[in-house]
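Residue numbers (the numbering used here): 24 to 180.
Glycine included, C-beta positions come from ideal geometry on N, C-alpha and C.
Since the structure is predicted, the reported quantities are computational estimates derived from the model, not experimental observations.
Following: one structure in structure tokens, then a few remarks.
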């Protein structure tokens, strides 16, 4: 196996010139070089997946789990009449879960709105949109946590 130093195309050991760019090929690539190249490409593939605009991070998963437990706790508090109406806490936790775990779904809804009003063919999320989604889901999470604290105070008092 030979690799072109000019364009990066991989050729058979039988070739002396590159099929793509007609440059002269060097010596065949060793198995160690192939293995290290595969390791680098695997690393790059993992990095590309994490750089996806809609990647669900570990913090998003933890935040969603805490939000689910908080939702259950607030509903339990509402059912037992241990405090004021805490429905805003439930709604904020549910929205936080949706924003954190289903970013592609939220973007598809936003994309429908953009297409309907701006007649754009295939919109892409802007950096401002991505930052605002992160800020919104964190604000919703902390609002829900505030209502959990309120429910705990009402249960204790």
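Using a 10 Å radius around the Cβ and a threshold of 16 neighbouring Cβ atoms, would you call residue i buried or exposed?
| i | result |
| --- | --- |
| residue 88 | exposed |
| residue 112 | buried |
| residue 122 | buried |
| residue 174 | buried |
| residue 131 | exposed |
| residue 75 | exposed |
| residue 127 | exposed |
Which same chain residues end up closer than 7 Å to residue i when comparing Cβ atoms and leaving out the 5 residues on each side of it in sequence?
| i | result |
| --- | --- |
| residue 90 | 116, 119, 120, 164 and 167 |
| residue 34 | 25, 27, 41, 42 and 48 |
Enumerate in chain order the residues of its own chain whose CB-to-CB distance from residue i is below 6 Å, with the five nearest sequence positions on each side excluded.
| i | result |
| --- | --- |
| residue 110 | none |
| residue 83 | 123 |
| residue 86 | 123 and 164 |
Residue i lies in the alpha helix (DSSP H); which residues open and close that run?
| i | result |
| --- | --- |
| residue 109 | Careful: residue 109 lies outside any alpha helix (DSSP H) and carries neither H nor E. |
| residue 75 | Unbroken run through residue 75: none, as it is neither H nor E. |
| residue 161 | 150-179 |
| residue 185 | Missing from the structure shown is residue 185; the chain here goes from 24 to 180 and no further. |
| residue 135 | 126-141 |
| residue 102 | 81-102 |
Which residues in the same chain have their Cβ closer than 8 Å to the Cβ of residue i, if we skip the five residues on either side of it in sequence?
| i | result |
| --- | --- |
| residue 30 | 41, 43, 44 and 46 |
| residue 129 | 121, 122 and 156 |
| residue 169 | 112 |
| residue 159 | 122 |
Hey, how far is the Cα of residue i from the Cα of residue j?
| i | j | result |
| --- | --- | --- |
| residue 171 | residue 103 | 14 Å |
| residue 133 | residue 156 | 11 Å |
| residue 139 | residue 176 | 46 Å |
| residue 150 | residue 107 | 39 Å |
| residue 179 | residue 80 | 35 Å |
| residue 125 | residue 39 | 51 Å |
| residue 101 | residue 135 | 36 Å |
| residue 154 | residue 78 | 13 Å |
| residue 162 | residue 62 | 39 Å |
| residue 32 | residue 114 | 54 Å |
| residue 55 | residue 152 | 44 Å |
Do the segment 93-100 and the segment 144-159 touch if we need at least three Cβ pairs shorter than 8 Å? no
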